[in-house]
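Heads up, the first sequence stops at 342 in the numbering used here, and the numbers go up one at a time, no gaps. Note that beta-carbon positions come from the ideal geometry of N, C-alpha and C, so glycine has one too. Keep in mind it's a predicted model, so treat the numbers as computed, not measured. Right, one structure below, let's go through it.
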Amino acid sequence: MTFWLIKSEPTAFSIADLANSKNKTTCWDGVRNYQARNFMRDDMKLGDVAFFYHSSCEPAGIVGIVEIVREAYPDDTALDKHNKHFDAKSDPKSPRWFMVDVKLKRKLKRTISLAELRQYEQRALKDLLLLRKGNRLSIMPITKQQWDFILSIE
DNA sequence: GCCAACGTTGGC
DNA sequence: GCCAACGTTGGC
């Protein structure tokens, strides 16, 4: 089982939006970065869990926990001309972009902000990809140790 | 709104 | 294959 962190800008799709979705489940579409896609397509498995992270907002931070309830399948928004994530170079016969379905397990009792996570960047969260300088990855694996530690400070 | 950091594109 | 130009991300 792998642990993950997935980012979303709450103005685009927030934890509240997920809570209000049917079955508290949504398809995680719109990922247009190869590294993030590869993680999702190749390594995200049914039953894996992920932290839901709000980016580009105040405060940015971890706000909830989701579970992967469907493994990777083609992201058809790439083929939809009217979708903002349309990709003219994506070939329907050989899909370039993928998505998974995630279901809300629970909201955290409080937001664990980026600033708070940074307090541990020399120690328990030393290797957390999120804290690496210039990191822009929207889907990243985290270790069980990091997962457990973050939950312990909730 | 700014801008550093990064990924992608495309000319050569 | 190199790398400049460009677009995007995301914290501040």
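Nearest CA to the CA of residue i: which residue from the options?
| i | options | result |
| --- | --- | --- |
| residue 245 | 202, 325 and 263 | 202 |
| residue 210 | 270, 239, 291 and 281 | 291 |
| residue 159 | 302, 237, 308 and 294 | Residue 159 lies beyond the residue range present for the chain, which begins at 189 and ends at 342; the question has no answer from this structure. |
| residue 281 | 271, 270, 198 and 263 | 263 |
| residue 302 | 236, 191 and 248 | 248 |
What residues in its chain sit with their C-beta under 8 Å from that of residue i, if we drop five residues either side in the sequence?
| i | result |
| --- | --- |
| residue 289 | 213, 214, 215, 216, 256, 257 and 258 |
| residue 342 | 296, 297, 298 and 300 |
| residue 274 | 265, 266, 267 and 268 |
| residue 304 | 249 and 341 |
| residue 271 | 265 |
I need the boundaries of the beta strand (DSSP E) containing residue i, first residue and last residue.
| i | result |
| --- | --- |
| residue 241 | 237 to 242 |
| residue 298 | 286 to 301 |
| residue 260 | 249 to 262 |
| residue 332 | Not the beta strand (DSSP E): residue 332 falls in the alpha helix (DSSP H), residues 332 to 340. |
| residue 234 | Careful: residue 234 lies outside any beta strand (DSSP E) and carries neither H nor E. |
| residue 192 | 191 to 196 |
| residue 215 | 213 to 215 |
CA-CA distance, residue i and residue j?
| i | j | result |
| --- | --- | --- |
| residue 232 | residue 313 | 22 Å |
| residue 283 | residue 308 | 40 Å |
| residue 319 | residue 239 | 14 Å |
| residue 338 | residue 332 | 10 Å |
| residue 306 | residue 322 | 14 Å |
| residue 310 | residue 206 | 33 Å |
Can you list, in chain order, the residues of its chain with a C-beta nearer than 7 Å to that of residue i? Leave out the 5 residues immediately preceding and following it.
| i | result |
| --- | --- |
| residue 225 | 219, 285 and 286 |
| residue 334 | 313 and 316 |
Pop quiz: residue i and residue j are said to be a contact at Cβ under 8 Å. What is the actual Cβ separation, rounded to whole angstroms?
| i | j | result |
| --- | --- | --- |
| residue 234 | residue 330 | Incorrect: roughly 18 Å between the Cβ atoms, too far for contact. |
| residue 250 | residue 241 | 5 Å |
| residue 278 | residue 243 | Not really, about 24 Å apart at Cβ, beyond 8 Å. |
| residue 199 | residue 236 | Not a contact, Cβ separation roughly 26 Å. |
So, at 6 Å on beta carbons, what are the nonlocal neighbours of residue i in its own chain, with the 5 sequence-adjacent residues on each side left out?
| i | result |
| --- | --- |
| residue 260 | 228, 229, 286 and 288 |
| residue 221 | none |
| residue 208 | none |
| residue 324 | none |
| residue 326 | 195 and 224 |
| residue 340 | none |
| residue 328 | 193 and 317 |
Tell me where the alpha helix (DSSP H) around residue i begins and ends.
| i | result |
| --- | --- |
| residue 316 | Counting along the chain, residue 316 falls outside any alpha helix (DSSP H), and DSSP gives it neither H nor E. |
| residue 206 | 203 to 207 |
| residue 222 | 222 to 226 |
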